[in-house]
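Remarks on the structure that follows.
Protein chains: 4
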Amino acid sequence: MKMIDLNCDMGEAFGNYAMPNDEKLMDYISSANIACGFHAGDPAIMQQTVALAIKKGVAIGAHPGLPDLQGFGRREMKISPNEAYQLTLYQIGALSGFVKAAGSKLHHVKAHGALYNMAAKDIALAKAIVQAVFDFDPGLILYALAGSKMITEAEKYGLATASEVFADRSYQDDGLLTPRSADHALITNEADAVNQVLGFALKQEVKSVNGNRIAVKAETVCLHGDGEHAVEFAKLIANRLKKESIIIKAPAI
Amino acid sequence: MKMIDLNCDMGEAFGNYAMPNDEKLMDYISSANIACGFHAGDPAIMQQTVALAIKKGVAIGAHPGLPDLQGFGRREMKISPNEAYQLTLYQIGALSGFVKAAGSKLHHVKAHGALYNMAAKDIALAKAIVQAVFDFDPGLILYALAGSKMITEAEKYGLATASEVFADRSYQDDGLLTPRSADHALITNEADAVNQVLGFALKQEVKSVNGNRIAVKAETVCLHGDGEHAVEFAKLIANRLKKESIIIKAPAI
Amino acid sequence: MKMIDLNCDMGEAFGNYAMPNDEKLMDYISSANIACGFHAGDPAIMQQTVALAIKKGVAIGAHPGLPDLQGFGRREMKISPNEAYQLTLYQIGALSGFVKAAGSKLHHVKAHGALYNMAAKDIALAKAIVQAVFDFDPGLILYALAGSKMITEAEKYGLATASEVFADRSYQDDGLLTPRSADHALITNEADAVNQVLGFALKQEVKSVNGNRIAVKAETVCLHGDGEHAVEFAKLIANRLKKESIIIKAPAI
Amino acid sequence: MKMIDLNCDMGEAFGNYAMPNDEKLMDYISSANIACGFHAGDPAIMQQTVALAIKKGVAIGAHPGLPDLQGFGRREMKISPNEAYQLTLYQIGALSGFVKAAGSKLHHVKAHGALYNMAAKDIALAKAIVQAVFDFDPGLILYALAGSKMITEAEKYGLATASEVFADRSYQDDGLLTPRSADHALITNEADAVNQVLGFALKQEVKSVNGNRIAVKAETVCLHGDGEHAVEFAKLIANRLKKESIIIKAPAI
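Sequence order for the protein chains is A, B, C and D.
Residues are numbered in our numbering as their position in the first sequence, beginning at 1, plus a constant of 2.
Residues are numbered in our numbering as their position in the second sequence, beginning at 1, plus a constant of 2.
Residues are numbered in our numbering as their position in the third sequence, beginning at 1, plus a constant of 2.
Residues are numbered in our numbering as their position in the fourth sequence, beginning at 1, plus a constant of 2.
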């Protein structure tokens with residue numbers, strides 16, 4: 003039986019600013035990456051989002067980001083590996099407080115935004131984040147960009163990983179994402195995005211921007227939660243996967 | 003054998019702003035209440051302070067405060083009990099991340115500043131903070147003002163408590179602290195402060211501002227860490243207690 | 003010719019969190035109170051909102067709030083009058099930077115949320131805020147709750163004021179707002195709210211919750227910008243005022 | 003008559019964290035660059051520091067930095083030129099509020115830390131900062147690294163500049179600072195530092211790390227205010243300059 007994980011960044015509200023899609027999206031995904039108060043999220047949102055994930059049976063992950071609420075954690079900051087270690091550990095701990103109090107268990111960690119992207123390429127940052135996850139709980143799963151330094155560093159620690167692919171981002175012949183600055187970086191046609199997800203789930207491959215079939219390790223598919231059609235699209239993907247008898251399920255810990 | 007705990011607020015540095023006394027104070031105290039990033043402290047400071055406490059064999063407590071770095075958590079904020087629960091849980095979790103990663107164990111929780119004072123009198127806030135501590139780990143000890151609502155609420159939950167008294171604050175006939183706004187609120191004479199601590203440790207009593215001997219439950223004595231003579235004073239107290247064969251020791255969990 | 007000012011809190015977005023009503027609301031109001039980065043708003047939002055107000059010919063006001071983004075400036079904080087002075091001056095200055103750079107002129111100041119409410123009743127806070135406005139520019143107009151301490155303190159300084167009334171809040175026989183905790187505090191029926199605004203504009207009076215006609219000084223009407231129907235309601239009010247030949251116009255400086 | 007400006011970063015305290023040197027340093031410098039609340043400083047500190055500068059007759063500059071209090075504005079952030087414009091304008095405005103309220107006039111602007119260093123090399127950032135200063139008040143003086151893009155961009159706008167040199171940093175043969183990562187980047191010998199300042203003031207030249215005399219435009223000398231011996235060193239420099247009949251004076255606006 004084929005199986006794949008659908009993950010989505012959740013709990014990215016803050017104070018007075020709501021993210022109304024969160025509750026609905028929980029019906030279609032298997033993993034929630036919950037913001038921890040640095041790039042988004044606050045203690046109230048974290049508590050609510052953890053409760054929601056538990057209610058819907060969605061695996062709970064910490065989603066640590068850079069300390070930059072205004073930039074939503076998307077602006078690169080020149081932090082040292084030590085600082086990456088510290089801010090990752092802080093945020094995992096903070097989220098795990100809510101998970102523990104709610105009687106559940108933290109399942110995975112996925113870095114957010116610029117931290118995710120920087121650590122995908124920078125070995126020292128990757129190692130620092132992996133070390134933080136490992137030091138907190140070596141039983142956690144690290145979600146990270148397929149083929150990234152994060153994956154290779156995690157493997158060195160014996161940390162379980164889930165290689166992440168994207169429904170709405172195009173891929174190059176080398177198996178890497180087309181940079182956002184390039185044309186065709188985003189897949190805006192829903193049917194194309196659905197087909198890409200099916201290719202991930204059924205064949206562990208993706209059709210590149212040049213039309214070639216490229217092998218890619220696809221264990222968890224990232225759905226974006228903040229667009230207007232995000233909920234409809236998640237529903238569409240989830241239904242299509244079920245139709246193909248692909249089980250939507252978080253990786254076992 | 004008489005025994006008392008000496009606690010001190012620690013890790014109240016932030017970023018570029020150092021608290022140079024911390025390392026030295028660790029030699030004389032038995033419990034460190036470590037700031038968690040809301041009123042003071044940051045992930046780097048927290049990691050360092052946890053490491054220091056472990057090295058010195060000092061019991062580690064989380065010291066959650068109001069989200070007000072500029073006001074150092076000393077300005078009252080009208081937060082709801084839910085918000086008190088959430089910010090306490092968040093901060094305990096964050097600190098426990100560092101404690102866990104360092105292979106140690108969180109020992110206690112003590113609220114900071116305005117949160118401490120508000121919850122001493124407000125049952126709903128007291129209950130919320132106690133609930134957060136209990137939900138995180140019912141084996142933790144709550145440090146709180148002797149005779150406060152925090153202590154009575156914690157007892158209702160079956161949570162272990164340590165009643166806190168102050169070396170450098172004077173007491174009224176009713177066993178409560180003289181308000182800071184009043185004359186003689188602070189004990190500035192070192193010998194008087196030392197004698198007050200001895201009274202706590204040896205007889206569980208204090209001489210009030212009116213000269214009466216008042217019974218007070220004294221399980222942990224708060225030493226202030228930020229004054230100029232803080233280190234000398236801690237040394238003085240610690241040496242005097244040892245001379246009286248009083249053991250300086252954190253309450254057992 | 004009758005004349006009234008319609009004001010609305012604007013620029014309350016932050017970073018990634020949008021406030022999509024702002025642009026549309028600018029078509030119906032005469033005064034914009036622009037958040038200054040403490041309870042909401044950031045330098046990017048402030049620049050954009052100032053540009054929008056200039057384009058639409060709407061008078062620009064600074065809208066200083068408490069330093070509490072998570073609480074949206076709605077949680078009371080026990081700040082000293084000095085702190086109120088300082089945070090008001092800081093925020094007026096920050097907004098005026100954008101206004102000056104855009105070649106326009108700051109028109110008014112209106113405190114936000116808990117700062118507005120605390121200073122309505124607390125003379126020392128009212129005085130501090132008035133002093134900050136006066137020290138920055140004695141030609142500015144202070145928008146404040148009709149009948150509040152802010153108005154009386156401003157008058158002592160010779161600062162121009164605009165007494166504020168609310169379209170969607172009910173009034174008591176004493177001319178004060180029904181507390182939000184009471185029943186009928188909010189007027190949810192649109193026709194009632196429109197009639198209340200007409201009463202303000204045409205007769206300087208309001209029908210109290212007990213059905214009595216109460217005199218009220220009504221120079222500027224606050225419209226809320228964040229509800230779902232906020233834009234429609236603003237349009238409705240604006241059209242109805244025009245139909246009654248009431249000019250919608252910010253007070254002259 | 004020879005003349006030079008001595009500038010120092012001031013007001014870098016925050017909330018409970020003091021910078022006790024500030025008051026004493028004001029006796030020896032002619033220009034104060036006052037932090038504006040992003041990398042350091044808060045509304046209370048800003049008000050006090052402005053008052054201090056006025057009392058001591060020191061020229062007041064805004065010292066905008068990146069929004070990173072934990073990193074003290076020293077960690078590079080990938081901000082866009084628009085963001086650089088906005089955060090510079092916000093901070094200049096905020097400080098100018100205090101200056102205006104105190105009846106004085108803003109004299110200059112100097113970017114802080116990573117913002118200063120990034121804009122020294124990056125034309126787009128330099129242009130954005132220069133534009134913000136110019137749009138706020140074209141009569142302000144931009145203090146920036148001698149030979150940097152900031153200086154050349156400011157000159158294109160017709161903005162007055164003061165080329166900044168450092169008392170305690172060594173220079174290379176190309177007239178640029180020795181990178182901090184290199185040996186001998188810092189001049190730790192006080193006599194050497196004093197001689198370097200005399201070279202700047204008397205001959206507009208500096209002895210490079212290779213022993214060569216290099217021409218350098220030296221209009222304002224940066225003294226560091228946060229070291230242990232900062233006050234003594236400032237006094238030493240000031241006294242030595244006076245002895246050489248060099249006037250310590252901020253550039254005229």
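Idealized CB from N, CA, C, for every residue including glycine.
According to DSSP, is residue i helix, strand or coil?
i, result
"Tyr19/D", "strand"
"Gly63/B", "strand"
"Met28/C", "coil"
"Glu155/C", "helix"
"Met120/B", "helix"
"Thr222/A", "strand"
"Lys112/B", "strand"
"Asp11/C", "strand"
"Ile248/C", "coil"
"Leu142/B", "coil"
"Asn191/B", "coil"
"Ala148/A", "coil"
"Tyr76/B", "Note on identity: in this sequence residue 76/B is Arg, with Tyr being the wrong assignment. Note: Arg76/B maps to coil in three-state DSSP."
"Asn35/C", "strand"
"Met48/B", "helix"
"Ile6/A", "strand"
Taking residue i as the query, report the chain D residues whose CB atoms sit under 7 Å from its CB, ordered along the chain.
i, result
"Asp137/C", "Ala103"
What residues of chain B sit near residue i, judged by a beta carbon separation below 8 Å?
i, result
"Gln72/C", "Pro69"
"Asn191/D", "Per Cβ cutoff of 8 Å: no residues; Asn191/D is ~25 Å from chain B at best."
"Gly39/A", "Tyr92"
Beta strand (DSSP E) containing residue i: first to last residue?
i, result
"Thr180/B", "Looking at the DSSP string, Thr180/B is not in any beta strand (DSSP E), and its letter there is neither H nor E."
"Thr163/A", "162–168"
"Gly209/A", "Before going further, note that residue 209/A is Lys rather than Gly in the sequence given. Residues 207–209."
Taking 7 Å as the cut-off, does the CB of residue i come closer than this to any heavy atom belonging to the ligand GDP?
i, result
"Ala162/A", "Ligands are entirely absent from the displayed structure, and the ligand GDP is therefore not among its contents."
Around the C-beta of residue i, are 16 or more other C-beta atoms found within 10 angstroms, so that it is buried, or is it exposed?
i, result
"Asp175/C", "exposed"
"Glu221/D", "buried"
"Met3/A", "exposed"
"Gly73/B", "buried"
"Ser172/D", "buried"
"Pro22/D", "exposed"
"Lys102/D", "buried"
"Thr190/B", "exposed"
"Pro181/B", "exposed"
"Ala217/D", "exposed"
"Glu85/B", "buried"
"Ser33/A", "buried"
In terms of residue numbering, what span does the alpha helix (DSSP H) encompassing residue i cover?
i, result
"Glu215/D", "Contrary to the premise, residue 215/D reads as Arg rather than Glu in this sequence. Counting along the chain, Arg215/D falls outside any alpha helix (DSSP H), though it belongs to the beta strand (DSSP E) covering 215–217."
"Asn84/C", "83–103"
List the residues of chain A whose Cβ lies closer than 7 Å to the Cβ of residue i, in chain order.
i, result
"Lys80/D", "Arg77, Glu78"
So residue i contacts chain D; which residues on that side make the cut at Cβ distance below 9 Å?
i, result
"Tyr92/B", "Ordered by position in chain D, no residue passes the 9 Å Cβ test against Tyr92/B, which lies about 17 Å from the chain."
So which residues on chain A does residue i lean against when the C-beta distance must stay under 8 Å?
i, result
"Leu266/B", "Here chain B has residues from 3 to 255 only, and residue 266/B is not among them."
Check the Cβ of residue i against every Cβ in chain D and list those closer than 8 Å, keeping chain order.
i, result
"Phe16/B", "Phe16, Tyr19, Leu71, Gln72"
"Leu144/C", "By Cβ distance, chain D contributes nothing, its closest Cβ being about 15 Å from Leu144/C, past 8 Å."
"Leu89/C", "Pro45"
Determine the chain C residues that contact residue i at a beta-carbon separation under 9 Å, and present them in chain order.
i, result
"Ala256/D", "Summary: the structure shown does not reach residue 256/D, with chain D confined to residues 3 through 255, and so no result is reported for it."
For residue i, go through chain C and note every residue whose CB falls closer than 7 Å to its CB, in chain order.
i, result
"Pro140/D", "Going along chain C, no residue has its Cβ under 7 Å from Pro140/D, so there is no contact; the nearest lies around 11 Å."
Please list, in chain order, the chain A residues whose beta carbon lies closer than 9 Å to that of residue i.
i, result
"Glu85/B", "Pro45, Ala46"
Give me the subset of the segment 117–130 of chain D whose CB atoms are less than 8 Å from a CB atom of chain B, sorted by chain position. Listed by position, the residues of the segment 117–130 of chain D near chain B (Cβ gap below 8 Å) amount to none.
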